[in-house]
Amino acid sequence: MAYASLRDFVRALETAGELRRIPVEVDPVLEITEIADREMKSPGGGKALLFEKCKGAAFPLLINAYGSTKRMALALGVHDVEEIARELETILKAKPPTSFKEALALLGTALELRHAKPKKVEGREARVECRLSDLPVQKCWPGDAGRFITLPLVITKDPDTGTRNVGMYRMQVIDDWTTFLHWQLHKTGARHWRRYCELKQRMPVTVALGGDPVYAFCASAPLPDGIDEFQLAGFLRKKSVELAGDVPVDCDFVLEGYVDPAEPVGMEGPFGDHTGYYTLPEAYPKFHIERITARKDAIYPSTIVGVPPMEDFYMGTASVRIFLPVFKLTFPEIVDIALPAEGVFHNLVIVSIKKQFPYHAMKMMHGLWGMGQMMFTKIIVVVDADVNVHDTREVLFRLCANIDPQRDLIFTKGPADVLDHATPVMGFGSKLGIDATHKLSGEKDCRPWPPLIAMDEAVKKRVDALLQDLR
Ligand SMILES: Cc1cc2nc3c(=O)[nH]c(=O)nc-3n(C[C@H](O)[C@H](O)[C@H](O)COP(=O)(O)O)c2cc1C
Ligand SMILES: [Mn+2]
1056 MAYASLRDFV RALETAGELR RIPVEVDPVL EITEIADREM KSPGGGKALL
1106 FEKCKGAAFP LLINAYGSTK RMALALGVHD VEEIARELET ILKAKPPTSF
1156 KEALALLGTA LELRHAKPKK VEGREARVEC RLSDLPVQKC WPGDAGRFIT
1206 LPLVITKDPD TGTRNVGMYR MQVIDDWTTF LHWQLHKTGA RHWRRYCELK
1256 QRMPVTVALG GDPVYAFCAS APLPDGIDEF QLAGFLRKKS VELAGDVPVD
1306 CDFVLEGYVD PAEPVGMEGP FGDHTGYYTL PEAYPKFHIE RITARKDAIY
1356 PSTIVGVPPM EDFYMGTASV RIFLPVFKLT FPEIVDIALP AEGVFHNLVI
1406 VSIKKQFPYH AMKMMHGLWG MGQMMFTKII VVVDADVNVH DTREVLFRLC
1456 ANIDPQRDLI FTKGPADVLD HATPVMGFGS KLGIDATHKL SGEKDCRPWP
1506 PLIAMDEAVK KRVDALLQDL R
């Protein structure tokens, strides 16, 4: 189902009892964070919050709109994100692709067939001109360098192929017409920018905010370079994204401008980040804005990141659920994957596998480290197929019971999340793989493996009946 606008989604949240309106004036400088953080940390992720009066700004602010399993599904127009995973699995099974990239390319083809390809249209909603200080951009945490736009759709193009990319890269406000663009080293926007630098050409950049909530989810999803996020959006909302230029017509705000490769980079940050720590200042380019327009009824979408659990956990989890069928094509041994909130995406991945041969767990680790943004994963724990990876207690029990540290741990190195402050060098670090599966006879240094204790099914049934009689 497609939402006609962000306002339309707000109505859906309200109908579902998932929205709390805040009618009193609240300051986007720190105060909204304190309220939103309490909400995000309340059981199940609390509710979405609509701040109707933001101090010093002309527009309302929506936050925590994705911050629960239910709201995340609602944003994607389904009851349960697993519906999308199943649909994707059916499409992929029709003509099994041989790689992750091919799988997504096939997805693209499937989308074209169902007319989910973006559609060019003329003009958009009546709009008003504005400047950045009209927007309720948050200063999130006390140590932040300033105000940061946290849910932007940063739209850029590959200068060689013209291929579009939509990435979610935070933007630190410098003044009314300038921001930083925080596209990290490994992201597609950064690759486009490096190419413009080589060509010594001015880089056109358009940033959109709001519109159908599906867009922001797609901008954050780990699609391979070359796959258009708006194509995925069309698939998810079962309706083509209507574009005026490269911007969905229903977006609430549109910021048009450029990055100049001739201009020296500046120091962006610090910023209270996903990691739960501040990221220290690093060099990033400046975005020069030439024009900002807004819908008359515009709502400014925002989020905060920080000590987990936060709203982005639900966005990341939805990505993993939706793309699990794609992972399984390359790795049919995978049963399930979990990225616990405490691991903030890249620190910890737990994967269960149907173990078929000696050292299978090691093959799984290397496979994951070689797949897209999974390359950033610091610790991978592999468990047997019967372990519920979402039950951290069960995982810890098996991990502690099944490993001989010397035998079952592997260390390696590779690209790391640039936000990880613990790595010795930015963007590069060591990795730990823990094989917590049962060991097979072909594996070195292990004795015959004992069975896990479990009661006979027949006895369980008899006892169920017995207890029923007693009640
Ligand atoms: C709330 C939020 C904020 C994010 N901020 C950034 C950021 O500032 N810089 C960045 O490189 N990635 C950031 N990300 C992650 C990227 O959006 C994500 O890696 C995405 O897949 C990148 O798309 P790309 O492969 O098209 O570059 C953020 C994600 C979320 C959910
Ligand atoms: Mn991309």
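For the sequence shown, our numbering assigns the number 1056 to the initial residue and increments by one for each residue that follows. Every residue, glycine too, gets a C-beta built ideally from N, C-alpha and C.
N-terminal and C-terminal residue of the alpha helix (DSSP H) that residue i is part of
i            : result
residue 1270 : 1269-1275
residue 1087 : 1086-1095
residue 1412 : Where residue 1412 is concerned, there is no enclosing alpha helix (DSSP H), given that its DSSP letter is neither H nor E.
residue 1138 : 1137-1149
residue 1430 : Premise fails: residue 1430 is in no alpha helix (DSSP H) and is neither H nor E.
residue 1070 : 1061-1070
residue 1127 : 1124-1130
residue 1252 : 1243-1254
Closest by C-alpha distance to residue i, when choosing among the options
i            : options                : result
residue 1323 : 1469, 1467, 1226, 1356 : 1226
residue 1304 : 1431, 1174, 1404       : 1174
residue 1454 : 1416, 1423, 1381, 1499 : 1416
residue 1199 : 1256, 1290, 1088       : 1088
residue 1137 : 1376, 1476, 1422       : 1376
residue 1220 : 1283, 1240, 1197, 1259 : 1283
residue 1504 : 1472, 1315, 1459       : 1459
residue 1493 : 1484, 1482, 1506, 1487 : 1506
residue 1185 : 1081, 1114, 1075, 1486 : 1114
residue 1228 : 1239, 1189, 1462       : 1189
residue 1172 : 1291, 1388, 1187       : 1291
residue 1414 : 1259, 1465, 1325       : 1465
residue 1075 : 1118, 1098, 1083, 1082 : 1118
residue 1509 : 1310, 1441, 1239       : 1441
residue 1349 : 1073, 1183, 1463       : 1183
residue 1201 : 1485, 1274, 1336       : 1336
residue 1120 : 1468, 1461, 1447, 1354 : 1354
residue 1181 : 1351, 1214, 1258       : 1351
residue 1330 : 1268, 1463, 1401, 1519 : 1401
residue 1234 : 1452, 1312, 1281, 1150 : 1312
Check whether residue i and residue j have beta carbons under 8 Å apart
i            : j            : result
residue 1065 : residue 1105 : yes
residue 1277 : residue 1428 : yes
residue 1205 : residue 1358 : yes
residue 1251 : residue 1236 : no
residue 1347 : residue 1308 : yes
residue 1338 : residue 1320 : yes
residue 1381 : residue 1407 : no
residue 1131 : residue 1103 : no
residue 1208 : residue 1262 : yes
residue 1244 : residue 1217 : no
residue 1430 : residue 1470 : yes
residue 1436 : residue 1489 : yes
residue 1127 : residue 1426 : no
residue 1264 : residue 1356 : yes
residue 1083 : residue 1108 : no
residue 1325 : residue 1334 : yes
residue 1378 : residue 1396 : no
residue 1473 : residue 1240 : yes
residue 1363 : residue 1399 : yes
residue 1485 : residue 1499 : no
Run of the beta strand (DSSP E) containing residue i, from where it starts to where it stops
i            : result
residue 1354 : Run containing residue 1354: none; DSSP gives neither H nor E here.
residue 1220 : 1219-1222
residue 1343 : 1341-1350
residue 1177 : Counting along the chain, residue 1177 falls outside any beta strand (DSSP E), and DSSP gives it neither H nor E.
residue 1407 : 1403-1408
residue 1375 : No beta strand (DSSP E) holds residue 1375; the alpha helix (DSSP H) holding it covers 1366-1385.
residue 1076 : 1074-1081
residue 1323 : 1321-1323
residue 1104 : 1103-1109
residue 1391 : 1389-1393
Burial state of residue i, where buried means 16 or more other Cβ atoms lie within 10 Å
i            : result
residue 1023 : Missing from the structure shown is residue 1023; the chain here goes from 1056 to 1526 and no further.
residue 1248 : buried
residue 1365 : buried
residue 1194 : buried
residue 1516 : exposed
residue 1438 : buried
residue 1070 : exposed
residue 1134 : exposed
residue 1475 : buried
residue 1526 : exposed
residue 1211 : buried
residue 1342 : buried
residue 1519 : exposed
residue 1483 : exposed
Beta strand (DSSP E) segments (min. 3 residues) lying fully within the segment 1275-1313: 1297-1299, all fully within the segment 1275-1313.
Sequence ranges, beta strand (DSSP E) only - wholly within the segment 1439-1515, length at least 3: DSSP assignment within the segment 1439-1515 yields the following whole beta strand (DSSP E) runs of 3 residues or more, N-terminal first: 1464-1470, 1483-1490.
3-residue-minimum beta strand (DSSP E) runs that sit fully inside the segment 1191-1234, ordered along the chain: Taking only runs of at least 3 residues, the beta strand (DSSP E) segments lying wholly in the segment 1191-1234 are 1208-1212, 1219-1222, 1226-1230.
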